[in-house]
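A.B. asks: Encoded as structure tokens, here's the structure I'll be asking about.
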């Protein structure tokens with residue numbers, strides 16, 4: 001054992017007097033130990049008053065609340081789906097189905113399921129795709145894999 005490890009064993013209980021009874025992890029401050037214990041107990045005492053999601057630490061709740069700010073007028077409409085979606089941070093709602101998301105790019109990705117648009121075309125076999133990532137995967141798994149396996153060695 002190194003000197004620093006030995007010293008940490010010897011003085012760890014002095015430097016960190018509070019110990020978790022579940023896993024024996026030590027803490028310098030009692031409040032940190034109490035917060036840690038919630039991992040074992042599953043206790044989530046900090047609840048968002050907008051969407052009712054619960055958190056183990058108040059700092060996590062405060063970070064979460066940022067998704068609700070600034071308050072959107074849609075949050076208080078009678079339309080339950082829009083209200084819940086906005087409360088969960090899902091600001092983009094599809095006007096053709098009940099899909100909603102927090103990211104504009106995800107909404108664009110989703111909308112091609114309704115339009116049937118397939119703008120990405122394979123130059124090797126003319127097959128079309130809704131997403132560039134699908135085209136890339138197609139080329140990699142179909143054309144590159146086939147050409148490697150069809151190559152004669154020796």
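Numbering (full-length UniProt numbering), first residue to last: 1 to 154. No residue lacks a Cβ here, since even glycine has one placed at the ideal position from N, Cα and C.
1. Relative to the alpha-carbon of residue 207, which residue among 22, 51, 117, 30 has its alpha-carbon at the smallest distance?
2. Under three-state DSSP, which class holds residue 109?
3. Helix, strand or coil for residue 128, going by three-state DSSP, please let me know.
4. Quick check: residue 54 and residue 44, are their CB atoms within less than 8 Å of each other?
5. Rounded to the nearest angstrom, what separates residue 95 and residue 63 at their Cα positions?
6. So, at 6 Å on beta carbons, what are the nonlocal neighbours of residue 47 in its own chain, with the 5 sequence-adjacent residues on each side left out?
7. Below 8 Å on the Cβ atoms is my contact criterion, and I expect residue 138 with residue 121 to pass it. Report the Cβ-Cβ distance as a whole number of Å.
8. By a C-beta neighbour count over all protein chains shown, 10 Å radius and 16 as the cutoff for buried, is residue 123 buried or exposed?
9. From residue 24 to residue 57, what distance separates their C-alpha atoms?
10. List the whole-angstrom C-beta distance separating residue 37 from residue 20, where the pair is believed to meet the contact cut-off of C-beta under 8 Å.
11. On the DSSP bridge assignment, give the partners of residue 140 in chain order.
12. Does the beta-carbon of residue 133 have 16 or more other beta-carbons within 10 angstroms, so that it is buried, or is it exposed?
13. Quick check on this structure: which residue in 59, 17, 15 has the alpha carbon closest to the alpha carbon of residue 35?
14. Quick one: what does DSSP say residue 26 is sitting in, helix, strand or coil?
15. When the Cα atoms are used, what is the spatial distance from residue 32 to residue 105?
C.D. replies: Reading off the structure:
1. The structure shown does not extend to residue 207, since the chain is modelled only from 1 to 154, so the question has no answer here.
2. Here the question's residue 109 lines up with position 109 in the chain shown. Of the three classes helix, strand and coil, the one that applies to residue 109 here is helix, per DSSP.
3. As a first step, residue 128 must be located in the chain shown, where it is residue number 128. Taken through DSSP and simplified to helix, strand or coil, residue 128 comes out as strand.
4. Here residue 54 corresponds to residue number 54 of the chain shown, with the count starting at 1. Here residue 44 corresponds to residue number 44 of the chain shown, with the count starting at 1. Contact flag set, yes.
5. In the chain shown, residue 95 corresponds to position 95, counting from 1. In the chain shown, residue 63 corresponds to position 63, counting from 1. Each residue's alpha carbon lies about 29 Å from the other.
6. Position 47 of the chain shown, counted from the start, is the residue given in the question as residue 47. Counting only Cβ-Cβ distances below 6 Å, and skipping sequence neighbours, we find 54.
7. Within the chain shown, numbered from 1, the residue matching residue 138 stands at position 138. Within the chain shown, numbered from 1, the residue matching residue 121 stands at position 121. Actually they do not touch by this definition, with Cβ atoms about 10 Å apart.
8. On the chain shown, position 123 is the one that residue 123 refers to. So residue 123 ends up on the exposed side.
9. As a first step, residue 24 must be located in the chain shown, where it is residue number 24. As a first step, residue 57 must be located in the chain shown, where it is residue number 57. Straight-line measurement puts the Cα of residue 57 at about 20 Å from the Cα of residue 24.
10. Residue mapping note: residue 37 aligns to position 37 of the chain shown, counting from 1. Residue mapping note: residue 20 aligns to position 20 of the chain shown, counting from 1. With 8 Å as the limit, residue 37 and residue 20 qualify as a contact, their Cβ atoms being about 6 Å apart.
11. The residue given as residue 140 occupies position 140 in the chain shown. Under the DSSP definition of a beta bridge, residue 140 lacks any partner.
12. Taking the chain shown and counting its residues from 1, one reaches residue 133 at position 133. The C-beta of residue 133 has fewer than 16 other C-beta atoms within 10 Å across all chains shown, which makes the residue exposed.
13. On the chain shown, position 35 is the one that residue 35 refers to. The residue with the shortest Cα to Cα distance from residue 35 is 59.
14. Position 26 of the chain shown, counted from the first residue, corresponds to residue 26. Strand, per DSSP.
15. Position 32 of the chain shown, counted from the start, is the residue given in the question as residue 32. Position 105 of the chain shown, counted from the start, is the residue given in the question as residue 105. So the two alpha carbons sit approximately 39 Å from each other.
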